[in-house]
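Below is one structure, written out as structure tokens; comments come after it.
2 protein chains.
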Amino acid sequence: MRNPVHDRARLQPPAPARIGDRVEDVGTPALLVDLDAFDQNVARMQALADAAGVALRPHAKAHKSVAIAQRQIAAGAVGICCQKLSEAYPFAAAGIARIHISNEFVGADKLAMAVELARHVDLSVCVDDLRQVAAIAAAATTGGVRITVLAEADVGQGRCGVDSPEALSRLADAIGAAPSLRFGGLQAYHGGAQHLAHWTQRRDAARRAAEQAGAYVAHLRARGIACPVVTGGGSGTAEFDCESGVYTEIQPGSYVFLDGHYGASEWPGRFQPRHGLFLSTTVMSTARAGVAVCDAGLKSLAVDSGLPRLWSGPGSQWLRYVAANDEHGVLQVLDQDGQSLLGSKLWLVPGHCDPTANLRAQYVCCRDGHVAELWDIAARGLSC
Amino acid sequence: MRNPVHDRARLQPPAPARIGDRVEDVGTPALLVDLDAFDQNVARMQALADAAGVALRPHAKAHKSVAIAQRQIAAGAVGICCQKLSEAYPFAAAGIARIHISNEFVGADKLAMAVELARHVDLSVCVDDLRQVAAIAAAATTGGVRITVLAEADVGQGRCGVDSPEALSRLADAIGAAPSLRFGGLQAYHGGAQHLAHWTQRRDAARRAAEQAGAYVAHLRARGIACPVVTGGGSGTAEFDCESGVYTEIQPGSYVFLDGHYGASEWPGRFQPRHGLFLSTTVMSTARAGVAVCDAGLKSLAVDSGLPRLWSGPGSQWLRYVAANDEHGVLQVLDQDGQSLLGSKLWLVPGHCDPTANLRAQYVCCRDGHVAELWDIAARGLSC
């Protein structure tokens, strides 16, 4: 006997994709990974780091996926970065053994997470204040763990990190003096430099950041303090960070995907990424002349770094994505009648990959026109 | 015997809040609901609709929470709206019996969802194209269900919906002629009118929209077609929609929370909402003079309708949220030394509530300074 109430309680949206499906049959909006481009991006960044003798510790905030972290490590990465402690949990649970929290944190809940993670993985964290050092040292002592702590210095970003050699020395001294801590070295990250459009601008900003980082390292060395790790850099400046002679480790994230913002930059140098991340969308209304409306809006892609770009699909050359509402993308139809587009599937390049991935549950990974793998975005929404 | 690998595999981030916790102990960033304000907003909107004899069908896209939908229905709402078919599933599974999809859709995957939902709930959907009517009719016939279909007309939004009485008539005729469909009436929604800052602007835009909607209804009536439902309106225009004499049903969503964008509007009229949604955040870096950095950025709150506003917390009167990075909020410190703020917990008002709620897994609901309830955001990320 069927029980309608019981049946109803088990209702779940159907999986938008199954392995083996044709890409054009995947329910939209879906976050698609072009595996050929992804593989090439992973390999190229690893080769860049290897050639320079610099460790690659990719930033998992960009993708939030255990499957991707495992592939990065299989290719040669030494571990991963996370930006938040809670974000590190699915990676730790999956056996990723070396995790760097490239960020500061304050509060009892955060300290408890750091201690728990340190019991299971080789954890390092950042500080830029003596009060953070004292709190982490006390929590580590109580928890019976030893935590590696890097001091963060600002090298142009103007966000976190101390801005004087004296403040840096005080941090290093305090870390070194705490039996429950281990001084891990220096974090020197310049986020703004990543996003300069021109290659020469990025090169110059990266060189200035490396120069500042080098001066901080030298200051510590003169006081008898070695920096086992100098970490920083990102997708936009990796080639310059690698050749700096200062960074022992780079932490790029977006390079696996490339997004609309990065895609608009110049890449004439030794790292040339390909677009590997797309959002597929369906045109679901063409009722008004000159307008087509698709099913991918604010809740499917992040618009903080610009609206998405049309990549492919019927009519994509005469469409422009001009406005994102919650669940609608408004497309301007240039020079043509839009009526024929109803039901068309288009591929968009999201403006910013990190917060776009954070909106979705799964990557639909495609090769040769078919769905080859499905990767959970396990750290979606883990911002504590 | 402990098994470290097994222990590690079970690692999960700790729950950021438990019922009974003091609000100040909740791990940040957390999405907080002030239950007193929420209850008042729910009651006031219901009273407004009741007084006008208009049905209230709140839009669940704003909150994506079964617990909230149940409270809205307990207060007198006739059902809910969803913007996407997949979004409707958790509500249907929880027993919400009347669901209106206030949107068009195209594609086999979407049709399959509509048929499945129609087996379990009183489902209505929107169309603005004869091809959608034909597709839904065929799917409903094959699936052995009958689906209520509303024709959408554009009344100023310029997005979806037909823009002529003739096109509307053709839709109504086609729906009426399909044995597997039921003509439900007219959807006439003007999103842009909701967001005008001045009360008189909203009043005038809402009156124009209602006038257009009324003309469409009259056109159909003259052809012998009755509109059982005329649905539209939103939080910003609800009081005008209610008094229009045209709308039989309003579909506001954000009124339960009020966000930064709506909060900046004038509310001198018969509906006066209170701020009920906040994001709590901790200052985790004060290393640089004039800057404090908090742990709530792009991945914790949506910035499409503006940066968040400081609501409360130590120093909030001399702080300004000036930039959102992925996991950082950059606060400008005015007229004071920011050092003392390290570890301070602040409450922010997100600029746009709908996409902010879509980023989070749970509402932490507070009353009298303590956590009173935890509500899952069950439809988070369901955009298919």
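Chains A and B are the protein sequences, given in the same order.
Under this note's numbering, the residue at position 262 of the first sequence is numbered 262, and the numbers go up by one with no gaps.
Just add 384 to wherever you are in the second sequence, counting from 1, and you've got this note's numbering.
Ideal Cβ placement from N, Cα and C applies to all residues, glycine included.
Contact check, residue i vs residue j, beta carbons under 9 Å
i: A/Ile96; j: A/Ser124; result: no
i: A/Glu24; j: A/Gly369; result: yes
i: A/Asn358; j: B/Leu604; result: no
i: B/Leu726; j: B/Pro692; result: no
i: B/Ser669; j: A/Arg159; result: yes
i: A/His195; j: A/Tyr262; result: yes
i: A/Ile250; j: A/Gly176; result: no
i: A/Pro179; j: A/Thr141; result: yes
i: B/Val614; j: B/Ala597; result: yes
i: B/Gly705; j: B/Gly713; result: Just to set this straight, residue 705 of chain B is Tyr in the shown sequence, not Gly. Contact: yes.
i: B/Val438; j: B/Thr632; result: yes
i: B/Pro388; j: A/His120; result: yes
i: A/Ala37; j: A/His275; result: yes
i: B/Val677; j: B/Ala708; result: no
i: B/Ala453; j: B/Pro442; result: yes
i: A/Ala9; j: B/Ala477; result: yes
i: A/Gly290; j: A/Arg208; result: no
i: B/Leu730; j: B/Leu416; result: no
Nearest-angstrom Cβ-Cβ length linking residue i and residue j, presumed shorter than 8 Å
i: A/Lys61; j: A/Gly253; result: 6 Å
i: B/Cys750; j: B/Asp418; result: 6 Å
i: A/Leu186; j: A/Cys227; result: 5 Å
i: B/Ala459; j: B/Gln430; result: 5 Å
i: B/Cys768; j: A/Pro29; result: 7 Å
i: B/Gly653; j: B/Trp583; result: 6 Å
i: A/Val106; j: B/Ala671; result: That pair is no contact at about 12 Å.
i: A/Phe257; j: A/Cys126; result: Rounded, the Cβ-Cβ distance is 25 Å, inconsistent with contact.
i: A/Ile19; j: A/Glu373; result: 7 Å
i: B/Arg586; j: B/Ala577; result: 6 Å
i: A/Trp311; j: A/Asp335; result: Their Cβ separation, rounded to whole angstroms, is 19 Å, which puts A/Trp311 and A/Asp335 out of contact at 8 Å.
i: B/Gln467; j: B/Glu488; result: Incorrect: roughly 11 Å between the Cβ atoms, too far for contact.
i: B/Ala502; j: B/Ile464; result: Not really, about 15 Å apart at Cβ, beyond 8 Å.
Rounded separation between residue i and residue j - CA only
i: B/Ala556; j: A/Asp337; result: 24 Å
i: A/Phe240; j: A/Ala49; result: 11 Å
i: B/Asp643; j: A/Leu181; result: 43 Å
i: A/Ile136; j: A/Ile101; result: 13 Å
i: B/Glu711; j: A/Ser305; result: 15 Å
i: A/Leu150; j: B/Ser700; result: 30 Å
i: B/Pro657; j: A/Thr282; result: 36 Å
i: A/Tyr189; j: B/Gln396; result: 29 Å
i: A/Ala264; j: A/Ala197; result: 7 Å
i: A/Val78; j: A/Gly184; result: 15 Å
i: B/Lys683; j: A/Gly381; result: 7 Å
i: A/Gly191; j: A/Gly233; result: 8 Å
i: B/Ala763; j: B/Leu469; result: 11 Å
i: B/Ala518; j: A/Ala108; result: 59 Å
i: B/Ala594; j: B/Ala606; result: 18 Å
i: A/Asp21; j: A/Phe271; result: 33 Å
i: B/Ile457; j: A/Asp128; result: 50 Å
i: A/Asn41; j: B/Ser619; result: 46 Å
i: A/Ala218; j: A/Asp154; result: 15 Å
Residues near residue i in its chain [Cβ-Cβ closer than 8 Å; skip 5 each side]
i: A/Met1; result: Residue placement at A/Met1 cannot be trusted, given a pLDDT of 49 that sits under 50; what the coordinates show is reported in the next sentence. Excluding positions up to five away in sequence, the list is empty.
i: B/Gln723; result: Thr670
i: B/Leu552; result: Ala535, Ala537, Val546, Leu570, Tyr600, His603, Leu604
Beta-carbon proximity list for residue i, same chain, < 7 Å, skipping 5 on both sides
i: A/Ala139; result: Leu111, Ala114, Val115
i: B/Ile761; result: Lys448, Ser449, Ala741, Arg744, Ala745, Gln746, Tyr747
i: B/Val410; result: Pro400, Ala401, Ser664, Val748, Val755
i: B/Ala472; result: Cys466, Ile483, Ile485, Leu501
i: A/Trp375; result: Ser65, Ala67, Ile68, Gln362, Tyr363, Cys365
i: B/Arg455; result: Val426
Contact set for residue i: own chain, Cβ-Cβ below 6 Å, skip 5 residues either direction
i: B/Gln716; result: Arg704, Val706
i: A/Leu301; result: Leu279, Pro308, Pro350, Thr356
Any non-hydrogen atom of the ligand NAP closer than 8 Å to residue i Cβ
i: B/Gly608; result: No copy of the ligand NAP appears in this structure; indeed no ligand is present at all.
Within the stretch 155-209 of chain A, ranges of the alpha helix (DSSP H) (whole runs, at least 4 residues): 165-177, 191-194
Start-end ranges of the beta strand (DSSP E) lying completely within the stretch 620-669 of chain B, minimum 3 residues: 661-669
Contained alpha helix (DSSP H) runs [length at least 4] in the stretch 456-509 of chain B, N- to C-terminal order: 469-477, 492-504
Contained alpha helix (DSSP H) runs [length at least 4] in the stretch 690-752 of chain B, N- to C-terminal order: 737-741
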